[in-house]
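First the structure, in the form of structure tokens, and then the observations on it.
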Amino acid sequence: MSISVPSSSSAALFNPSLQGPRWKLSARSMPHLVTKVKASYPRLRASAGNSPSVQTDAISEFDAVSTFSEIVPDTVIFDDFERFPPTAATVSSSFLLGISSLPDTKFKKAIDTALVDGECYTLEDSNARLSCFYNKALVHVGAELAKLVPGRVSTEVDARLAYDTHGIIRKVHELLKLYSEVEVSPERLLFKIPSTWQGLEASRVLESEGIQTHLTFVYSFSQAAAAAQAGASVIQIFVGRLRDWARNHSGDPEIEAALKRGEDPGSALVTKAYNYIHKYGHKSKLMASAIRNKQDVLSLLGVDYIIAPLKILNSLKESVTPPDTKYSFMRRLSPSSAAAYDFNKEELVKWDQLTFASAMGPAAEELLGAGLEGYMNQTKRVEELFGKIWPPPNV
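According to the working numbering, the sequence shown is numbered sequentially starting from 4.
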């Protein structure tokens with residue numbers, strides 16, 4: 004299977020634009036890139052109430068839903084890049100693992116360049132040397148991605164620092180300095196930080212310095228609201244993972260309240276977070292990920308970004324709605340619906356570490372812990388791999 008990464012130009016995180024040359028490589032599997040897809044716009048018509056609708060005239064469902072939210076492919080393994088051209092990217096430990104096993108490519112060469120870095124080579128402590136190589140590899144690969152996509156490149160921050168505010172800030176400053184050395188401007192960058200309390204505090208400080216942050220592993224309203232209060236640029240909620248947890252567990256008040264209302268817990272959290280952000284004027288953009296089916300997409304129309312698997316996107320793209328069916332798509336999330344949403348006083352607190360921790364239920368605690376463990380294991384695997392292949396051949 005092959006992947007192509009087209010290049011275009013954009014001023015926003017996910018913004019379709021002119022496409023440039025493609026770069027190709029082959030791989031069995033690759034980690035995620037955050038990408039935006041170019042959409043055509045269907046004919047609008049009026050609708051009763053505050054939710055606009057779109058009447059499709061023999062257009063695809065994909066084009067229809069793309070008028071409400073940025074629809075984002077959840078993989079870089081594409082058979083048809085004309086349909087889903089990527090315009091922004093994420094570089095992570097899992098991405099490094101994937102490309103390290105590939106033959107010569109721009110990304111592989113970027114890793115080799117990191118492994119011969121003179122600054123890292125002089126470090127006597129092996130752990131410090133491997134950490135240096137890891138940072139350089141992230142940045143060199145991120146710089147190559149920045150050449151290929153017009154939007155921002157999100158760089159994963161070492162999950163082993165998830166409970167160390169100062170450690171996260173130092174790491175981001177290190178990465179930012181390395182990006183500066185390879186001439187990638189801060190405006191092109193996001194830094195992906197786990198949504199622990201310490202991660203949120205780091206995000207607050209970094210955003211105050213003009214450094215854009217992407218908070219991930221959000222599974223509760225307290226995390227989402229505190230992230231918005233911290234000024235995070237992007238907040239990522241995993242819809243399907245919350246649903247999966249609810250199917251096999253009980254005892255989480257937030258999830259049980261959603262189920263009692265007849266709502267999907269993941270979609271309910273996205274809706275509540277969206278309403279909070281828009282009702283109270285926070286700058287954060289909201290990203291819904293771990294999308295499991297087409298209904299998830301339809302129920303979240305209006306959220307800033309929806310990350311969906313290629314299978315769902317192909318289904319939307321291939322589903323054409325003829326005019327005589329009078330099928331329409333409704334915006335589920337909007338600033339007007341957010342303004343009408345009622346929050347209780349416990350939800351409108353100024354979040355601190357104590358209220359944050361006490362409001363996180365078992366679902367958020369377990370899912371956050373599992374996500375951190377996965378990230379930490381991947382980072383260790385990358386460092387172990389670098390230890391085995393360093394120095395590279397011909398060095």
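Ideal Cβ placement from N, Cα and C applies to all residues, glycine included.
The model shown is predicted, which means the values in this text are computed figures rather than measured ones.
- Separation of the CB atoms of I309 and A291 is rounded to 5 Å, and the pair is thereby assigned contact status at 8 Å.
- Taking C-alpha positions only, N296 is separated from I315 by approximately 6 Å.
- Residue K288 holds the alpha-carbon nearest to the alpha-carbon of S72 among F220, Y378, K288.
- Nearest to K353 by C-alpha distance, out of P365, G101, A231, T158, is A231.
- Beta-bridge pairing by DSSP links Q239 to M290.
- In the three-state DSSP reduction, A91 falls in the coil class, being neither helix nor strand.
- V160: not part of any beta strand (DSSP E); DSSP gives it neither H nor E.
- Cβ atoms of L141 and L178 come within 8 Å of each other, at about 7 Å.
- Ranking Y279, Q201, Y277 by CA distance to the CA of Q356 puts Q201 first.
- The beta carbon of R132 is closer than 7 Å to those of C123, L126 in its chain, skipping five residues each way along the sequence.
- For T382, the uninterrupted alpha helix (DSSP H) segment begins and ends at 365 to 392.
- C135 and R334 have their C-alpha atoms some 47 Å from each other.
- In this structure, the straight-line span from the alpha carbon of V144 to that of E186 is close to 13 Å.
- Positions of the beta strand (DSSP E) runs, each at least 3 residues long and wholly inside the region 104 to 189, are given as 156 to 159 in order along the chain.
- The DSSP-derived three-state label of H285 is coil.
- Distance from the CA atom of L164 to the CA atom of G374, rounded to whole angstroms, is 13 Å.
- 7 Å or more divides the Cβ of V221 from the Cβ of I196.
- Counting along the chain, A233 sits inside no beta strand (DSSP E); it lies in the alpha helix (DSSP H) bounded by residues 224 to 233.
- CA-to-CA, the gap between E147 and G377 works out to about 25 Å.
- If you ignore the 5 residues before and after F389, its C-beta comes within less than 6 Å of the C-beta of L133, F136, all in its own chain and listed in chain order.
- A direct Cα-to-Cα measurement between K383 and R173 gives close to 20 Å.
- With contacts defined as CB atoms closer than 7 Å, P256 and G154 fail to qualify as a contacting pair.
- Per DSSP, E73 is one residue of the beta strand (DSSP E) stretching across 73 to 76.
- For E386, same chain residues with a beta-carbon under 6 Å away, outside a window of 5 residues either side, are L133, Y137 in chain order.
- Closest by C-alpha distance to A228, out of L351, E321, T158, E212, is L351.
- If you check the CB distance, L218 and A205 do not come in under 7 Å.
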